[in-house]
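Going by my numbering, the sequence shown opens with residue 3, and the numbers climb by one from there.
Note that the Cβ used here is the ideal one computed from N, Cα and C, for glycine as well.
Computed from a prediction, not measured in an experiment: that's the story for all the values here.
Notes to accompany the following structure.
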Amino acid sequence: MARDQTSNELRSASPAQRLALGFFALAGVTYILIVLGALVRAHGAGLSCPDWPLCFGEVIPPFNFKIAFEWGHRVLAGSVGLAFLALGLLTLRLPELGERMRLSLFVATLLLAVQIVLGGLTVLELLASWTVTSHLVTGNAFALAVVLLGRRLSRLSAVDPSPTPADSGQRAMTSLAGALLALQIVLGGLVSSHYAGLVCPDWPTCMNGEFFPTWTGIQGLHLFHRSLGYAAALAIAAAAWRARSHPGSRRWLAVAAVFALAQVGVGVANVLLRLPVEITALHSALAAGLVCSVGVGVREVWRGP
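In structure tokens:
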């Protein structure tokens, strides 16, 4: 009965609503891909098969644990790209949607193209820190772009009242939280690519009993990442409190505040437990959720009538 009701609702939905559901589903798969990428990095699996599409002289090499992670990541990435291409073409074919969605689709397509190139460079450059970091940042940006595409399509298919304008304080605080989070994601990629979490596992002290033994080198990078993480969590919580009267963003920022608190705990546990694979993946999953919720919150407070 429930399945029949869902089928009837989908049949009666407008093309924009159906495409919005498709983009939301694609965003979910993209976030799974981000987590799988974290598992690939945690295993150092990108070095298992650097010669794409050939691996050790075979098109399909024996599937040991590391290679299975890496090939699964590649296959899922290719599927996401094809699904996005199909959804984008379907959107552009509709006269009432194509003109309005063209620029948004172009931006998301550009992010996807850059992400594909960076994925190949990450393997060919043997997990160089700049490729790992930029690949992580662009992947999160593409996932957020897909979420925003779905939200815009769902608005086009419904009677959407004029958005409630945000005041300058709400905009400033939410934008600050977004900027700190973006910088934190970049630093997280650098820490991950250098395995810097293992340099200073005893938080808040490191090795010689000092709270801040050095701000240089890999150890300093990790301390900066941790300190900025606390600042970003506080800024997100403050933005959620400041936007509690803004209907468009308050729910997203409240979810982001919960994610931020959980991310701090998981980040500390990730280091204290010496970067176990499962917690590393959870850390990346929470970071991806933060990018989505804070990104939508920023979009809502700056959304014009």
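* Apart from the five residues on each side of it in sequence, which residues of its chain come closer than 6 Å, Cβ to Cβ, to Glu-302? -> Apart from sequence neighbours up to five positions away, the residues of its chain that approach Glu-302 with a beta-carbon distance below 6 Å are Gly-250, Ser-251, ordered along the chain.
* To do: State the Cα-Cα distance for the pair Leu-123 and Ala-290, rounded to the nearest angstrom.
  => Rounded to the nearest angstrom, the two C-alpha atoms are 22 Å apart.
* In whole angstroms, what is the alpha-carbon distance linking Thr-166 and Gly-100? -> Taking the straight line joining both Cα atoms gives about 27 Å.
* Three or more C-beta pairs below 8 Å linking the stretch 214–226 and the stretch 170–178 -> No, the stretch 214–226 does not touch the stretch 170–178.
* Asked: From what residue to what residue does the alpha helix (DSSP H) around Trp-254 run?
  -> Segment 252–274, the alpha helix (DSSP H) holding Trp-254.
* Cα-Cα, which of Ala-287, Arg-95, Val-37 is closest to Ala-264? -> When only C-alpha atoms are compared, the closest one is Ala-287.
* Is it true that the CB of Ala-18 sits closer than 8 Å to the CB of Leu-151? -> Cβ distance not < 8 Å, so Leu-151 and Ala-18 don't count as in contact.
* In its own chain, which residues sit with a C-beta less than 7 Å from the C-beta of Leu-2, not counting the 5 before and 5 after it? -> Look at the range of the chain in this structure, 3 to 307, and you will see that residue 2 is not part of it.
* How close, in whole Å, do the beta carbons of Phe-299 and Trp-254 come, if the pair is a contact with beta carbons under 8 Å? -> Residue identity check: residue 299 is Gly in the sequence provided, not Phe. Going by Cβ atoms, the distance from Gly-299 to Trp-254 rounds to 4 Å, so yes, they are a contact pair.
* Are there 16 or more other CB atoms within 10 angstroms of the CB of Ser-247, so buried, or fewer, so exposed? -> Exposed is the call here.
* Express the C-alpha separation of Thr-133 and Leu-292 in angstroms, rounding to a whole number. => Leu-292 and Thr-133 have their alpha carbons spaced roughly 22 Å apart.
* To do: Classify Leu-84 as buried or exposed, calling it buried when 16 or more other Cβ atoms lie within 10 Å of its own Cβ.
  => Exposed is the label assigned to Leu-84, since fewer than 16 other Cβ atoms lie within 10 Å of its Cβ.
* Asked: According to the Cβ coordinates, are Ala-168 and Ile-238 closer than 8 Å?
  -> No, these two residues do not count as a Cβ contact at 8 Å.
* Asked: For Thr-111, which option in Arg-95, Leu-129, Leu-96, Ala-88 has the closest C-alpha, if you only look at C-alpha atoms?
  -> In terms of CA proximity to Thr-111, Ala-88 leads the group Arg-95, Leu-129, Leu-96, Ala-88.
* Asked: What whole-angstrom Cβ distance do Leu-113 and Ala-22 have, given they're in contact under 8 Å?
  -> Cβ atoms of Leu-113 and Ala-22 stay farther apart than 8 Å, at about 19 Å.
* Take Gly-297 and list the residues in its own chain whose beta-carbon comes closer than 8 Å to its own, dropping the five residues that flank it on each side. => Excluding sequence neighbours, Gly-297 sits near Leu-146, Val-149, Leu-150, Gly-180.
* Mapping DSSP to helix, strand and coil, what is Leu-96? -> Looking at Leu-96 - three-state DSSP - the assignment turns out to be coil, as it is neither helix nor strand.
* Asked: Just curious, the alpha helix (DSSP H) that Ala-168 is in, first and last residue?
  -> No alpha helix (DSSP H) contains Ala-168, which DSSP labels as neither H nor E.
* Asked: Taking C-beta to C-beta, are Val-268 and His-224 nearer than 8 Å?
  -> No, these two residues do not count as a Cβ contact at 8 Å.
* Residue environment, Phe-108, which counts as buried when at least 16 other CB atoms sit within 10 Å -> Label assigned to Phe-108: exposed.
* Residue from Leu-236, Ala-262, Met-103 with nearest C-alpha to Arg-153 -> Among Leu-236, Ala-262, Met-103, the Cα nearest to that of Arg-153 is on Met-103.
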